[in-house]
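Novice: Its first residue numbered 1, the sequence shown is counted upward by one per residue in full-length UniProt numbering. Beta carbons are placed, not taken as given, at the ideal position from N, Cα and C, and that holds for glycine. One structure coming up, written as structure tokens, with questions to follow.
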Amino acid sequence: MSSCPLFLMTPRPPPLLVHADRYPPIGSAYLPTSRRPCPGRRHGYLFRCDSSSSSSAPRDRTPRPRQQRQRSQRPGGRRVDAVDPVGFLAKLRVSDRAFAQFLRDRHKALKDRRWELCSRFIDLKEVSSGFELLGMHRHRQHRMDFMEWAPGARYCSLVGDFNEWSPTENCAREGHLGHDDFGYWFIILEDKLREGQEPDEYFFQEYNYVDDYDKGDNGVDAEEIMHRMKEEYWEPGEIRSHKSQLEMVVKLYEQMFGPNGPQTEEELGEIPDAQTRYNEWKALQKTDLSSMSPSYDIIDSGQPFDIFNVVTDGASFEKFQAKKPPLAYWVEMRKGRIAWLEKYVPTISHKDKYRVYFNTPDGALERVPAWATYVLPDAEGKQSYAVHWEPPPEEVYQWRFGRPKVKGSLRIYESHVGISGSEEKVSSFQEFTSKVLPHIKNAGYNAVQLIGVVEHKDYSSVGYKVTNYFAVSSRFGTPDDFKKLVDEAHGLGLVVLLDIVHSYASADELVGLSLFDGSNDCYFHSGKRGHHKYWGTRMFKYDDVDVLHFLLSNLNWWVTEYRIDGFQFHSLSSMLYTHNGFSTFTGTMEEYCNQYVDKDAIIYLILANEMLHDLHPDIITIAEDATFYPGLCEPTTQGGLGFDYCVNLSVPEMWLWHLENVPEREWSMNKIMKVLVSSDQKMLSYVENHNQ
């Protein structure tokens with residue numbers, strides 16, 4: 001493979017030529033020295049929902065001092081920059097009235113979208129944490145929970161090796177216990193009790209599977225834990241037995257009305273007032289330590305309730321403050337993994353294959369779960385299966401290195417794992433880790449950008465027709481193999497960037513998300529808008545809350561599970577415009593705010609950048625957009641989209657055009673310099689890349 005020269009791209013200085021080694025990269029890039037601090041980064045309380053319609057009280061229109069107008073107070077005592085939806089226009093020296101109005105309308109739509117998310121989720125962190133609930137997860141109560149979103153389905157079950165592919169064996173329960181109003185299906189896979197074993201004494205018995213998985217295998221029973229709890233907390237004479245609260249009510253009722261209770265008003269007769277009856281009952285219970293009678297008389301004083309001043313007696317309050325909290329018995333009662341394996345057989349085991357089964361108005365369907373983390377094809381390669389990935393705790397990959405801190409300029413080496421080797425075969429994560437990573441480090445790079453890592457059926461697409469968004473490509477290895485690759489890269493001081501494709505998805509119906517639940521508009525737009533006009537891929541509907549839930553969770557998943565350091569968002573022009581970027585651009589601002597601009601897609605990118613930079617402050621986000629949409633790398637609080645860098649796609653096209661059409665002696669250095677330094681934005685400049 002030919003060497004790949006690359007250029008240093010900064011806003012004005014002359015370029016610096018650097019040559020890449022001949023070890024086969026797809027492309028290389030050189031970035032500016034430092035990342036600009038983004039004043040728009042917001043931390044916590046992501047959904048303020050400060051629309052004017054949120055309060056019915058009249059607004060105070062008294063002008064505030066300028067300093068207060070510059071910053072606003074966020075709940076929790078932290079201050080954040082005020083949002084100016086057209087703030088970056090002055091910086092870019094743009095004075096287009098139509099585009100400014102478009103930005104204001106877009107900001108209003110962004111607030112409405114946040115309000116919509118507020119109705120379903122607490123904040124942006126919860127929106128992006130769907131992987132904690134959806135998919136297959138081990139529950140502490142000796143069972144496996146599975147959740148999937150399929151609003152168009154009428155029936156949902158799991159089929160696989162564990163139930164001999166029976167569509168009726170493990171299904172969602174009827175009604176709200178198995179299906180909610182938003183289309184989420186919930187299935188419980190109970191572990192099987194081993195022969196000769198008795199069921200747990202307590203229905204809420206929990207087991208440690210991963211965290212402290214050997215804790216609880218000491219043979220201590222519940223009675224011993226309860227006795228220990230009383231001995232450590234209660235002082236002599238204060239011991240209270242743990243009886244039902246209803247028992248105290250029954251005793252009080254019998255004391256007042258007799259063992260059988262009154263049947264009629266005549267039988268009730270004349271009784272003393274309530275205070276007298278209460279005093280008599282309390283006197284009888286005074287010597288009975290097991291009666292659970294209250295230690296204090298609680299009298300309504302008419303004052304507002306204050307949880308910190310329930311006990312008003314000084315001596316009693318000091319005694320209460322000095323007490324050691326009781327044991328968390330619900331934690332102490334958890335049993336360990338050994339006890340679980342002795343009593344139960346897992347319903348679904350590590351590396352078992354499974355699929356989700358739907359009954360739809362058009363018939364039965366089997367699909368690979370959308371949240372599957374490992375997917376394998378069948379022998380013929382036409383159908384795929386989700387693989388349950390739950391290795392034993394002693395085999396779980398243990399991270400060795402932390403995230404590196406990049407010093408100086410960021411130098412990126414772009415590579416595809418499958419074609420990174422010298423042999424005529426698909427290379428693996430293990431080979432890339434042992435052979436390519438040391439080469440990248442020795443060549444002077446401090447970042448590696450990987451393409452084609454996310455699972456895809458069509459290998460010829462170089463990984464850009466994604467089918468399973470939460471799974472690494474099984475062609476290259478297992479999830480643990482990829483974790484080792486990232487970990488070893490961090491150990492070498494390399495930042496790992498992932499090429500992510502949220503602009504479109506594979507149109508494959510058997511493996512991917514297309515027609516996932518039998519309907520044409522589950523994850524994607526229906527009709528012509530749901531298909532890319534030239535590539536045939538499916539286009540996400542970014543105005544749907546559940547689709548946003550899926551995409552934002554996918555970004556957070558790669559950072560949380562695999563410790564990815566950043567993303568390059570592939571082909572943004574496909575999602576920013578309804579014509580998918582295949583239109584003649586004249587350079588006027590009207591083309592960035594006309595009827596062909598997908599406002600919902602822009603709002604998604606803003607939310608994605610806010611989420612990533614809020615939860616992971618050191619994350620790097622890169623935009624690949626051939627149209628250079630205004631504000632790509634501007635803070636979201638100034639009306640921008642919030643990316644850290646964007647890709648200058650005109651540079652590789654310029655070099656290719658010169659090499660093919662212009663003799664070397666006729667190259668114009670003025671034209672070359674104009675292309676290299678024509679923008680003030682922070683850009684990646686490839687001499688050649690995978691698009692060529």
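#1: Opposite His456 in the DSSP bridges: which residues?
#2: Taking 8 Å as the threshold, find out whether the region 150-168 comes into contact with the region 526-542 through three or more Cβ pairs.
#3: By Cβ distance, which residues of its chain are closer than 8 Å to Arg355, with the 5 residues on each side in sequence left out?
#4: Taking Glu380 as the reference, which of Lys457, Tyr686, Lys111 has the closest Cα?
#5: Count the CB pairs spanning the region 636-643 and the region 660-667 that are closer than 8 Å, and state whether there are at least three.
#6: Compare the beta carbon distance of Arg400 and Asp618 with 8 Å and say whether it is the shorter of the two.
#7: Give the secondary structure of His613 by DSSP, where H, G and I count as helix, E and B as strand, and everything else as coil.
#8: Does Leu676 come out as helix, strand or coil in the three-state DSSP assignment?
#9: Kindly indicate which three-state DSSP category Ser685 falls into: helix, strand or coil?
#10: With DSSP collapsed to three states, give me the class of Asp273.
#11: Between Gly130 and the rest of its own chain, which residues show a CB-CB distance below 6 Å, the 5 nearest in sequence each way excluded?
#12: Between which two residues does the beta strand (DSSP E) carrying Asn359 extend?
#13: Who does Thr621 pair with in a DSSP beta bridge?
#14: Below 8 Å between beta carbons: does that hold for Cys633 and Asp625?
#15: How close, in whole Å, do the beta carbons of Leu92 and Pro630 come, if the pair is a contact with beta carbons under 8 Å?
#16: Cα-Cα, which of Phe628, Asp480, Ala315, His179 is closest to residue 698?
#17: Would you check if the distance between the CB atom of Phe567 and the CB atom of Leu494 is smaller than 8 Å?
#18: According to the neighbour-count rule (16 or more other Cβ atoms, all chains shown, within 10 Å of its Cβ), is Ala447 buried or exposed?
#19: Is it buried or exposed, Ala82, if we count other Cβ atoms within 10 angstroms and call 16 or more buried?
#20: Using 10 angstroms around the beta-carbon of Lys324, count the other beta-carbons present and answer buried if the total reaches 16, otherwise exposed.
#21: How many angstroms separate the CA atom of Tyr542 from the CA atom of Ala601?
#22: I'd like the list of long-range same chain contacts for Asp352, defined as Cβ closer than 8 Å, with 5 residues on each side in sequence excluded.
#23: When burial is assigned at 16 or more other CB atoms within 10 Å of the CB, is Gly477 buried or exposed?
#24: Given Tyr464, which residues of its chain have a CB within under 7 Å of its CB, disregarding the five upstream and five downstream residues?
#25: Give the straight-line distance between the Cα atoms of Ser434 and Gly421, rounded to the nearest whole angstrom.
#26: So, with DSSP's three-state summary, where would you put Gln449?
#27: Helix or strand or just coil, what does DSSP make of Asn279?
#28: Just reading off the alpha helix (DSSP H) that Asp544 is part of, what are its end residues?
#29: In chain order, what residues of the same chain have a beta carbon less than 8 Å from the beta carbon of Phe585, not counting five sequence neighbours either side?
#30: Count the other C-beta atoms from every protein chain shown that fall within 10 angstroms of the C-beta of Leu103, then say buried if there are 16 or more, exposed otherwise.
#31: From which residue to which residue does the beta strand (DSSP E) around Val159 run?
#32: Roughly how many angstroms lie between the CA atoms of His579 and Ser573, to the nearest whole one?
#33: Would you give the residue range spanned by the beta strand (DSSP E) that Trp535 belongs to?
#34: Evaluate contact between the region 126-141 and the region 553-563, counting only Cβ atoms and requiring at least three cross-stretch pairs below 8 Å.
#35: By the DSSP assignment, the beta strand (DSSP E) with Asp499 in it spans what residues?
#36: Can you tell me whether Lys682 is buried or exposed, with buried defined as 16 or more other CB within 10 angstroms of its CB?
Specialist: Put simply:
#1: Val466
#2: no
#3: Leu158, Val159, Gly160, Glu366, Arg367, Val368, Pro369, Tyr385, Ala386
#4: Lys457
#5: Contact fails: fewer than three Cβ-Cβ distances are below 8 Å.
#6: no
#7: helix
#8: helix
#9: coil
#10: coil
#11: His549, Ser553
#12: 353-360
#13: Phe567
#14: no
#15: 7 Å
#16: The structure shown does not extend to residue 698, since the chain spans only 1 to 692, so no value can be given for it.
#17: no
#18: buried
#19: exposed
#20: So Lys324 counts as exposed.
#21: 6 Å
#22: Gly160, Asp161, Phe162, Val387, His388
#23: With at least 16 other beta carbons inside 10 angstroms of its own, Gly477 counts as buried.
#24: Contacts found: Val501, His570.
#25: 11 Å
#26: strand
#27: Correct three-state label for Asn279: helix.
#28: Asp544 -> no alpha helix (DSSP H), and no H or E assigned at all.
#29: Glu591, Thr627
#30: buried
#31: 155-160
#32: 9 Å
#33: It is not in any beta strand (DSSP E) - Trp535 carries neither H nor E in the DSSP assignment.
#34: yes
#35: 495-500 is the extent of the beta strand (DSSP E) around Asp499.
#36: buried
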